[in-house]
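Residue numbers (the working numbering): 18 to 332. All C-beta atoms in this analysis are idealised placements derived from N, C-alpha and C, irrespective of residue type, glycine included. Contents: one structure, followed by commentary.
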Ligand code: AMP
Ligand code: MN
Ligand code: MN
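Printed below as a string of structure tokens:
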């Protein structure tokens, strides 16, 4: 019996959490585990404690029960898809409240911050790793829908190098449960609102190339993006368009979240951007990483980020 099942069996009151700004993998793994426990262990009290994810994920069972408030007792907290305690935001306090804590994650920068940690950085997604810890025959279609969503999102629809035969085998077992996977991929990964598409066009129009075309970057200040969209999550995917330009090895996208506070996203073809993100106080994976930085965007770019990118390109 693995640690997850062992801890679930001996806990009555279970809190499930994940990182701030939950993405498909975080939302899918937390709700996937929620469905698995509520369906197979009727005597357990389970809650998902998370920042509200994008409404595009509202088809997942249990979505409307997600609550941001961490201040409730728990025998066990399971953290999914978060590399360190800070990434849990105010939910980090659950690690102090709960009697036991378990972290399940796939980030190379994971700090083993819980009492028990199952971290496999070769996994495409936390959802893939979570599936390997569950009893296959007890995975319902509701759980499968959640886990499949996470695998699709974090593997870039089975395209990133983290995708393995096992990723595909697991995805195959999940779709065998029977659901409309085409709709999930289209609605949550590819489709964009009209205004979000226009904003993408604006970023591409103003994007700059550096280092002989090996780096492409775009920057948006708050006033610019908020004229097009109200929800910053609608900028997900812009970074992939910068990365997909011929010749680009490292892409960078920065948008202002508050006055002099910027969310930075980094993507690469083969270079390591996780060390750049870590040096900026963030983290992530070798080819997809991020951070939050403070100050003037031009200065941060010129003095900090671009020199690190140049070094990585020449390294
Ligand atoms: P993003 O660019 O936000 O899509 O993030 C890419 C990857 O980097 C994801 O796996 C995130 O979990 C990770 N990441 C993003 N921002 C941070 C941060 N501030 N600290 C640690 N990891 C981050
Ligand atoms: Mn994530
Ligand atoms: Mn993930």
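Does the Cβ of residue i have 16 or more other Cβ atoms within 10 Å, making it buried, or fewer, making it exposed?
{"i": "residue 53", "result": "buried"}
{"i": "residue 82", "result": "exposed"}
{"i": "residue 39", "result": "buried"}
{"i": "residue 107", "result": "exposed"}
{"i": "residue 59", "result": "exposed"}
{"i": "residue 332", "result": "exposed"}
{"i": "residue 193", "result": "exposed"}
{"i": "residue 253", "result": "buried"}
{"i": "residue 204", "result": "exposed"}
{"i": "residue 16", "result": "Any answer about residue 16 is impossible in this case: the structure gives the chain only from 18 up to 332."}
{"i": "residue 86", "result": "exposed"}
{"i": "residue 84", "result": "exposed"}
{"i": "residue 248", "result": "exposed"}
{"i": "residue 197", "result": "exposed"}
{"i": "residue 127", "result": "buried"}
{"i": "residue 72", "result": "exposed"}
How long is the line joining the alpha carbons of residue i and residue j, rounded to whole angstroms?
{"i": "residue 63", "j": "residue 189", "result": "28 Å"}
{"i": "residue 35", "j": "residue 142", "result": "13 Å"}
{"i": "residue 218", "j": "residue 305", "result": "22 Å"}
{"i": "residue 297", "j": "residue 195", "result": "43 Å"}
{"i": "residue 102", "j": "residue 191", "result": "30 Å"}
{"i": "residue 311", "j": "residue 301", "result": "19 Å"}
{"i": "residue 155", "j": "residue 24", "result": "17 Å"}
{"i": "residue 49", "j": "residue 42", "result": "10 Å"}
{"i": "residue 79", "j": "residue 45", "result": "11 Å"}
{"i": "residue 22", "j": "residue 37", "result": "25 Å"}
{"i": "residue 260", "j": "residue 250", "result": "18 Å"}
{"i": "residue 223", "j": "residue 18", "result": "54 Å"}
{"i": "residue 173", "j": "residue 290", "result": "17 Å"}
{"i": "residue 88", "j": "residue 135", "result": "25 Å"}
{"i": "residue 279", "j": "residue 299", "result": "12 Å"}
{"i": "residue 177", "j": "residue 91", "result": "36 Å"}
{"i": "residue 140", "j": "residue 179", "result": "6 Å"}
{"i": "residue 57", "j": "residue 241", "result": "48 Å"}
{"i": "residue 105", "j": "residue 231", "result": "34 Å"}
{"i": "residue 130", "j": "residue 120", "result": "7 Å"}
{"i": "residue 164", "j": "residue 330", "result": "35 Å"}
{"i": "residue 138", "j": "residue 169", "result": "17 Å"}
{"i": "residue 303", "j": "residue 244", "result": "33 Å"}
{"i": "residue 109", "j": "residue 95", "result": "11 Å"}
Measuring alpha carbon to alpha carbon, tell me which of the options ends up nearest residue i.
{"i": "residue 314", "options": "32, 44, 119 and 239", "result": "239"}
{"i": "residue 309", "options": "77, 316, 261 and 294", "result": "294"}
{"i": "residue 246", "options": "216, 281 and 29", "result": "216"}
{"i": "residue 200", "options": "74, 329 and 328", "result": "74"}
{"i": "residue 26", "options": "121, 281, 135 and 151", "result": "151"}
{"i": "residue 220", "options": "169, 120, 258 and 193", "result": "258"}
{"i": "residue 166", "options": "105, 231 and 206", "result": "206"}
{"i": "residue 124", "options": "318, 292, 281 and 162", "result": "292"}
{"i": "residue 133", "options": "171, 139, 93 and 153", "result": "93"}
{"i": "residue 66", "options": "72, 31 and 76", "result": "31"}
{"i": "residue 6", "options": "117, 72 and 187", "result": "Within the shown structure, residues of the chain are numbered from 18 to 332, placing residue 6 beyond reach of any answer."}
{"i": "residue 281", "options": "321, 244 and 98", "result": "321"}
{"i": "residue 255", "options": "275, 277, 276 and 208", "result": "208"}
Q) Around ligand 2, what residues have a beta-carbon under 5 Å from a heavy atom of it, in chain order? A) Per the Cβ criterion, the list is 40, 42, 43 and 98.
(Q) If contact is defined by three or more beta carbon pairs under 8 Å, each pair taking one atom from either stretch, is the region 135-155 in contact with the region 36-55? (A) Short answer: they touch.
Q | Stretch-stretch touch, CB-based, cutoff 8 Å, three pairs: the region 170-186 with the region 210-217 | A | Not touching, per the Cβ criterion.
Q: Could you tell me whether the region 280-287 touches the region 247-265, where touching means 3 or more Cβ pairs closer than 8 Å?
A: They touch, by the three-pair rule.
Q) Can we say the region 232-251 touches the region 271-280, given the rule of at least three CB pairs closer than 8 Å? A) Put simply, the region 232-251 touches the region 271-280. At least three CB pairs are less than 8 Å apart.
Q. Given 8 Å as the limit, is there contact between the region 108-115 and the region 156-165, that is, 3 or more CB pairs closer than that?
A. No contact exists between the region 108-115 and the region 156-165.
**Q.** the region 313-330 contacting the region 219-231, beta-carbon criterion three pairs below 8 Å
**A.** Three or more pairs of CB atoms, one per stretch, sit closer than 8 Å, so the region 313-330 contacts the region 219-231.
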